[in-house]
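**Q** Attaching a single structure in C-alpha cells format; questions to follow.
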Amino acid sequence: EAALRAYYINDDQQEYELQTFTQQALLSDDVINRNDAAEDSNLGSVFRESVPEAWIIRAKPKDEEVIRIYPAWLKVGMAYVSLRINKDSTTQTVIKEVLPLLGRQLECLQNFKLVEVLMGSKQVQRMVLDSQELILNRLKDIRKTSIRQMNQTRFYLVENSKSIVRVNIFVSGLPPQLSSEEYTNILKDELAIKTNVVSVSHVYQAQGAVVLEISCFSEAERIYMLVKDTTINDKPLNAVVIPEVVASKIPQNCCPLLVFVNPKSGGLKGRDLLYSFRKLLNPHQVFELTNGGPLPGFHTFSKVPSFRVLVCGGDGTVGWVLGALEEIRHKLVCSEPSVAILPLGTGNDLGRVLRWGAGYSGEDPYSILVSVDEADDVLMDRWTILLDAEEPAEGAENGVAEPEPPKIVQMNSYCGLGIDAELSLDFHQAREEEPGKFNSRFHNKGVYVKVGLQKISHTRNLHKDIKLQVDQHEVELPSIEGLIFINIPSWGSGADLWGSESDNRFEKPRIDDGLLEVVGVTGVVHMGQVQGGFRSGIRIAQGSYFRVTLLKPIPVQVDGEPWIQAPGQIIISAAGPKVHMLKKSKQKQKK
Numbered sequence: 001e002a003a004l005r006a007y008y009i010n011d012d013q014q015e016y017e018l019q020t021f022t023q024q025a026l027l028s029d030d031v032i033n034r035n036d037a038a039e040d041s042n043l044g045s046v047f048r049e050s051v052p053e054a055w056i057i058r059a060k061p062k063d064e065e066v067i068r069i070y071p072a073w074l075k076v077g078m079a080y081v082s083l084r085i086n087k088d089s090t091t092q093t094v095i096k097e098v099l100p101l102l103g104r105q106l107e108c109l110q111n112f113k114l115v116e117v118l119m120g121s122k123q124v125q126r127m128v129l130d131s132q133e134l135i136l137n138r139l140k141d142i143r144k145t146s147i148r149q150m151n152q153t154r155f156y157l158v159e160n161s162k163s164i165v166r167v168n169i170f171v172s173g174l175p176p177q178l179s180s181e182e183y184t185n186i187l188k189d190e191l192a193i194k195t196n197v198v199s200v201s202h203v204y205q206a207q208g209a210v211v212l213e214i215s216c217f218s219e220a221e222r223i224y225m226l227v228k229d230t231t232i233n234d235k236p237l238n239a240v241v242i243p244e245v246v247a248s249k250i251p252q253n254c255c256p257l258l259v260f261v262n263p264k265s266g267g268l269k270g271r272d273l274l275y276s277f278r279k280l281l282n283p284h285q286v287f288e289l290t291n292g293g294p295l296p297g298f299h300t301f302s303k304v305p306s307f308r309v310l311v312c313g314g315d316g317t318v319g320w321v322l323g324a325l326e327e328i329r330h331k332l333v334c335s336e337p338s339v340a341i342l343p344l345g346t347g348n349d350l351g352r353v354l355r356w357g358a359g360y361s362g363e364d365p366y367s368i369l370v371s372v373d374e375a376d377d378v379l380m381d382r383w384t385i386l387l388d389a390e391e392p393a394e395g396a397e398n399g400v401a402e403p404e405p406p407k408i409v410q411m412n413s414y415c416g417l418g419i420d421a422e423l424s425l426d427f428h429q430a431r432e433e434e435p436g437k438f439n440s441r442f443h444n445k446g447v448y449v450k451v452g453l454q455k456i457s458h459t460r461n462l463h464k465d466i467k468l469q470v471d472q473h474e475v476e477l478p479s480i481e482g483l484i485f486i487n488i489p490s491w492g493s494g495a496d497l498w499g500s501e502s503d504n505r506f507e508k509p510r511i512d513d514g515l516l517e518v519v520g521v522t523g524v525v526h527m528g529q530v531q532g533g534f535r536s537g538i539r540i541a542q543g544s545y546f547r548v549t550l551l552k553p554i555p556v557q558v559d560g561e562p563w564i565q566a567p568g569q570i571i572i573s574a575a576g577p578k579v580h581m582l583k584k585s586k587q588k589q590k591k
C-alpha cells in the first residue's frame, strides 16, 4: 500500500503482489526488460528469512477486467464508457460493444479504430491496435513494462477519416484597401507563393490583412518563416498560425472565452499570465497581442455562436481590443461578445469602474476565470472623436498648403485637453527614452509625480485658446488649464473628477446614459487635490454632441494616448451601439 501510494497509483492493493529479486537477477537484462524469461528463476516469497535486495510490485493476473474507453470526439456529459473484457475480447469485439453505448450503433465497425494512448510526462505516444489483438494480453504487456505506465494509458475510440492537410496563416502588415487578387499578386511577388497549394481564404481590407489556406506543410513552414523577414512599403509583415475551431461541434449552451494578453503591460506581469492561461485553458484560446494584435483572435472565433472576451492589459490595451471588435463586428457570428478586464496598466480606470480592481497583484489565475464566468453583463457607451486640423501640414509642395486629413479615434474612458494631456505626453516621452525602467506601477507613478511638479509654476490660459459647443449651444469656459471629457466615474488612477454632490443642473452620471461629462481643472495642484480626494473638478457641461475649436496647437490625450493637436475642430459624438462589458460580481465566488 505504501509503495503504490509513493508511485501515485490509486488501485486496490489486493490486486498487486510483491516479488523479490537477488542482486544477480536485478543486473540481468531479462529482469530489467521485464521479459518472461526471468519470471520463473530468481523469484521467491517476500517472507523468506533473508532480507531481499529489492522488491518488485507486480499486478496479479486476471481472467477479466473493466476498462475505460474514451470517445475521440466531443461527447458532452460523458467522458468515457466502462466495459468488461475477458480473455476472448479482441479490438473488434470491444468496438462492437462500445458503439451502442456512445449512440453510434447504426454505424459500420470498419469506420472506427481503437487507439492506445500513453500520456507520459515528456511526450504522448499513440498506437492503433490490430483488429484481432486480445485486449487482456495487451493490458498484461503494458503492466509488465511498468505499472505506472498502465495508469498513464488510455484507450480511445477514433473515427477513420481521410487526413486533409490544411494550415491557416494570418498575414498582417499589408497595404490596406486592396482586392483579393491584388493581395495574391503581392504575395506572389514577395513570398513566391505556389497558387496550386496556397489560396487567400479571407480578406480584411481595412486592416491590410489576409488569411492564407495552405494544403502543404512544407510550403506553410516556408511561408511562415519568410513572412517574418519581409517588409512592404517599409512596414514589416507578421504571420500567426490560426487554429481551426469546428463551431458545429460546440454545444449550444457553451460560451468559450477568448483571452487577449498584452505581455508588455503592468510591470511585465502579462508574460506570466500568458503562460498561466495557456495551461488552464486550451492554449489556442489565448492570444498574445504583440503578435499580430487582436484580429487573429477574433478571426479564429468568427464562427463561434457565443463567446466572451478577457483582455489582460491597461486601459489602452482594452481600447485597442474594443476598437478592433468594432471594426470586425459585422464578420462575427457572435457580433456582441461581452468583455472582461484584467487590469495590468498604470491607471486602469475602466478596470476600477467594472470592479476588476486597481491592478493585478498576483491573484490565482483560476479564480480570475471563475470571476469572469460569474460576472454581470453591463452596457457601456463608446465615443467617436473626429480631429480635423485646419492648419496645413508643413513642407507642402509648390507652396500650395494641403491641410492634414481628418483623424478619427475611439474613446472609452476620457479625453483630456491641456495640462492633463501635457503630463501624459511628458510621461510617454520619458518611457520611450528609457523603456527598461518602466517595469513597475510604483516607478511609473513616481515619474508622473515628477513630471507634474515641473509644471506647477506654469500658467496657461486654456479657456482663451479653445471654444466649446455642447449640443449646438456655446458654453462659456471658466479660467482653467485643463478640459476633460469623462465617460466613466474614474479618472487618473481612480479619482472621482465629477464628484458625488447632487446638482440640479445635471443628471447623475452613468456609463450607459449616452452622455459625457465635461470638467475643468485649474492646474497641477488642483489635479493633485482631485487625486487625493480633497476636491473635485469644475463641472462645466453634460451632453451627447460636442464641438471644440482649437485656436492654437494644444496637447490632447484619449484614454492615456497623448499627442499635440494642430489648430482646428474636434467633434465628439456617440459611436455606434453600446458595448457589452462584464462587471465583476459583488457576491463571493460560488464553491
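Residue numbers (UniProt numbering): 1 to 591.
Think of the CB as a built atom: it goes at the ideal place given N, C-alpha and C, for glycine as much as any other residue.
#1: For the beta strand (DSSP E) containing T549, name the first residue and the last one.
#2: Hey, how far is the Cα of K467 from the Cα of Y414?
#3: Here's the rule I'm using: 16 or more other beta-carbon atoms within 10 Å means buried, otherwise exposed. How should M411 be labelled?
#4: Going by beta carbon distance, what residues of the same chain come within less than 7 angstroms of N35, once the five residues before and after it are set aside?
#5: In the DSSP assignment, find the beta strand (DSSP E) that holds R84 and state where it starts and stops.
#6: So, does the segment 506-524 touch the segment 479-489, judging by three or more C-beta pairs under 8 angstroms?
#7: Leaving out five residues on either side along the sequence, give the residues of the same chain with a beta carbon under 7 angstroms from the beta carbon of H463.
#8: Per DSSP, what kind of secondary structure is Y7 in: helix, strand or coil?
#9: Rounded to a whole number of angstroms, what is the C-alpha to C-alpha distance between H526 and R535?
#10: Taking the CB atoms as reference points, tell me whether A247 and K303 lie closer together than 8 angstroms.
#11: Could you pull the start and end residues of the alpha helix (DSSP H) that D315 belongs to?
#12: Comparing C-alpha positions only, which one of Q557, S500, T184, F155 sits nearest to G533?
#13: List the whole-angstrom C-beta distance separating I214 from V167, where the pair is believed to meet the contact cut-off of C-beta under 8 angstroms.
#14: Distance check for Y366 and I69, CA to CA, integer angstroms please.
#15: Once the 5 residues before and after V333 are set aside, which same chain residues still bring their CB inside 6 angstroms of it?
#16: What number of angstroms, rounded off, separates the C-alpha of N10 from the C-alpha of L4?
#17: With the cut-off set at 8 angstroms, would you say F287 and V259 are in Cβ contact?
#18: Beta carbon of A59, beta carbon of Y16: below 8 angstroms?
#19: If you drop the 5 nearest sequence neighbours on each side, which residues of the same chain put their C-beta closer than 7 angstroms to that of L551?
#20: By Cβ distance below 6 angstroms, which residues in the same chain neighbour Q531 in space, the five residues on each side in sequence not counted?
#21: Along the chain, where does the alpha helix (DSSP H) containing I142 start, and where does it finish?
#22: Going along the chain, which unbroken runs of the beta strand (DSSP E) with 3 or more residues stay wholly within the UniProt domain "DAGKc" (252-389)?
#23: Does the beta-carbon distance from L118 to V98 come in below 8 angstroms?
#24: How many whole angstroms separate the CB atoms of I169 and I242, which I take to be in contact at a CB cut-off of 8 angstroms?
#25: Do L386 and P406 have their C-beta atoms within less than 8 angstroms of each other?
#26: For T91 and L102, I'd like the C-alpha separation in whole angstroms.
#27: To which residues of the same chain is R278 closer than 8 angstroms at the C-beta, ignoring the five residues directly before and after it?
#28: Applying the 10 Å Cβ sphere with the 16-neighbour rule, what's the burial state of C312?
#29: Go ahead and pull the three-state DSSP assignment for G416.
#30: Measuring CB to CB, does V372 end up less than 8 angstroms from R271?
#31: Is it the case that the Cβ atoms of G416 and Q557 are separated by a distance below 8 angstroms?
#32: Run through DSSP, which three-state label would K249 get?
#33: Should Y545 go down as buried or exposed, given a rule of 16 or more other Cβ atoms within 10 Å for buried?
#34: From the DSSP output, in three-state form, read off K407 for me.
#35: Pop quiz: N86 and E64 are said to be a contact at Cβ under 8 angstroms. What is the actual Cβ separation, rounded to whole angstroms?
#36: G173 and K228: beta carbons closer than 8 angstroms?
**A** In terms of the structure at hand:
#1: 545-550
#2: 19 angstroms
#3: buried
#4: Since pLDDT at N35 reaches only 45, below the 50 mark, its modelled position is unreliable, and no value is offered.
#5: 81-86
#6: yes
#7: L477, P478, S479, I480
#8: coil
#9: 8 angstroms
#10: yes
#11: 315-328
#12: S500
#13: 5 angstroms
#14: 29 angstroms
#15: K303, P305
#16: 7 angstroms
#17: yes
#18: yes
#19: D465, I466, P567
#20: G492, A495
#21: 135-145
#22: 257-261, 286-288, 308-313, 339-343, 376-380, 383-389
#23: no
#24: 7 angstroms
#25: yes
#26: 16 angstroms
#27: V286
#28: buried
#29: strand
#30: no
#31: yes
#32: helix
#33: exposed
#34: strand
#35: 4 angstroms
#36: no
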